[in-house]
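Please read the structure below before turning to the comments.
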Amino acid sequence: MQGLEKKVVNKKGQLTIFVIVAIVIVALGVLVYNFFPEIKTTLGFAVNNPGSFMQECMDEELGNSVKMISSQGGSLDPVHYYLYLDEKIGYLCYTNEDYLTCVVQQPLLKQHIENEIKNAIKNKEDSCFAELRNSFQGQGYSVDLKEGNTSVELLPKRVVVTFNRQLTLTKEDSETYEKLDVVLNNNLYELMSVANSIINMEVQFGDSETTVYMNYYHNLKVEKLKQGDGTKVYILTNRDTGNKFQFATRSKVFPAGI
Numbered sequence: 000m001q002g003l004e005k006k007v008v009n010k011k012g013q014l015t016i017f018v019i020v021a022i023v024i025v026a027l028g029v030l031v032y033n034f035f036p037e038i039k040t041t042l043g044f045a046v047n048n049p050g051s052f053m054q055e056c057m058d059e060e061l062g063n064s065v066k067m068i069s070s071q072g073g074s075l076d077p078v079h080y081y082l083y084l085d086e087k088i089g090y091l092c093y094t095n096e097d098y099l100t101c102v103v104q105q106p107l108l109k110q111h112i113e114n115e116i117k118n119a120i121k122n123k124e125d126s127c128f129a130e131l132r133n134s135f136q137g138q139g140y141s142v143d144l145k146e147g148n149t150s151v152e153l154l155p156k157r158v159v160v161t162f163n164r165q166l167t168l169t170k171e172d173s174e175t176y177e178k179l180d181v182v183l184n185n186n187l188y189e190l191m192s193v194a195n196s197i198i199n200m201e202v203q204f205g206d207s208e209t210t211v212y213m214n215y216y217h218n219l220k221v222e223k224l225k226q227g228d229g230t231k232v233y234i235l236t237n238r239d240t241g242n243k244f245q246f247a248t249r250s251k252v253f254p255a256g257i
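In structure tokens form, the structure reads like this:
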């Protein structure tokens with residue numbers, strides 16, 4: 000009888016321990032879920048990883064810059080634009096002559112957009128590297144950071160920024176990073192490719208058939224909004240992500256009354 004009581008007590012003790020452990024695990028889960036950014040730094044996920052540090056520091060600025068440039072025809076501050084709903088939408092194909100098809104305004108659109116993004120994030124880049132230096136020095140590291148060039152590349156489903164600055168961190172051991180990458184998930188590459196195709200149609204025929212693109216790309220929405228002066232505002236939207244690219248054209252315009 001005593002042996003049976005002992006077994007019952009042991010089982011109750013094990014059950015109590017199990018319940019306590021389960022509560023602790025759940026509590027930790029809630030803590031991590033609610034306060035993950037702070038915990039992430041405490042555990043060293045970003046602090047001890049320069050790549051993660053730059054990703055976190057640059058992420059918002061890069062996203063905002065890409066969004067602005069995408070809304071303005073691929074330019075940070077468009078010079079030749081159509082004002083639509085208080086937004087400066089850059090012309091990517093234009094003629095001021097009636098009856099004639101338009102002339103491409105940005106022949107190397109991809110390279111132009113990449114350069115515009117690089118210029119847009121320059122100040123934040125310098126600020127983030129200064130913060131990175133201070134952060135690692137505060138942890139007792141010796142920091143050697145060399146200047147280098149920055150490149151931006153539009154790739155399928157993402158924008159990749161590469162900082163070619165050699166970084167050497169020395170404490171007990173020494174680690175050297177030849178470059179650091181920051182990645183933004185975005186469909187700008189795909190939207191820009193469709194924009195280039197539309198521009199080619201505007202150059203050849205003076206107009207485009209938008210349903211062709213939507214029939215082929217089911218997650219793509221193409222809006223062609225005709226304005227009073229013959230300008231067309233194109234808005235390309237990825238239905239899955241909400242990413243947009245908008246631009247203007249003016250091509251093969253017939254005078255009023257004809």
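Start counting the sequence shown at 0; every next residue gets the next number (numbering that gives the first Met the number 0). Yeah, the Cβ is synthetic: ideal placement off N, Cα and C, and Gly gets one too.
- Task: Compare the C-alpha of P254 against each of N242, D76, F246, G229 and name the closest.
- Result: Checking every option, the nearest Cα to that of P254 belongs to G229.
- Message: Just to confirm my understanding: we take G241, look at its own chain, exclude 5 residues before and 5 after, and list those with CB closer than 8 Å. What are they?
- Response: Closer than 8 Å at Cβ, skipping near neighbours: no residue.
- Item | Of the listed residues R157, M53, G72, K223, nearest to E130 (C-alpha basis) | With distances taken between Cα atoms, E130 lies closest to M53.
- Item | Pick from V232, K243, V78, S150 that is closest to L84, judged by C-alpha positions | Nearest in C-alpha terms to L84, of all of V232, K243, V78, S150, is V232.
- Message: Using 8 Å as the cut-off, can you tell me whether the stretch 129–148 makes contact with the stretch 90–110, which would need three or more C-beta pairs spanning the two stretches below that distance?
- Response: Contact between the stretch 129–148 and the stretch 90–110 is absent, because fewer than three Cβ pairs lie under 8 Å.
- Task: Name, in chain order, the residues that DSSP records as bridge partners for V252.
- Result: Bridge partners of V252 according to DSSP: D97.
- Mapping DSSP to helix, strand and coil, what is N195? Annotated three-state conformation of N195 is helix, per DSSP.
- Query: In whole angstroms, what is the alpha-carbon distance linking V192 and K170?
  - Reply: It is worth fixing the name first, because residue 192 is Ser in this sequence and not Val. For S192 and K170, the distance between alpha carbons rounds to 47 Å.
- Could you check where the alpha helix (DSSP H) with L108 kicks off and where it finishes? If you look at L108, you'll find it in the alpha helix (DSSP H) that goes 108–119.
- Message: Taking 6 Å as the limit between beta carbons, can you name the residues of its chain near V182, skipping five residues before and five after?
- Response: Excluding positions up to five away in sequence, the list reads R157, V159.
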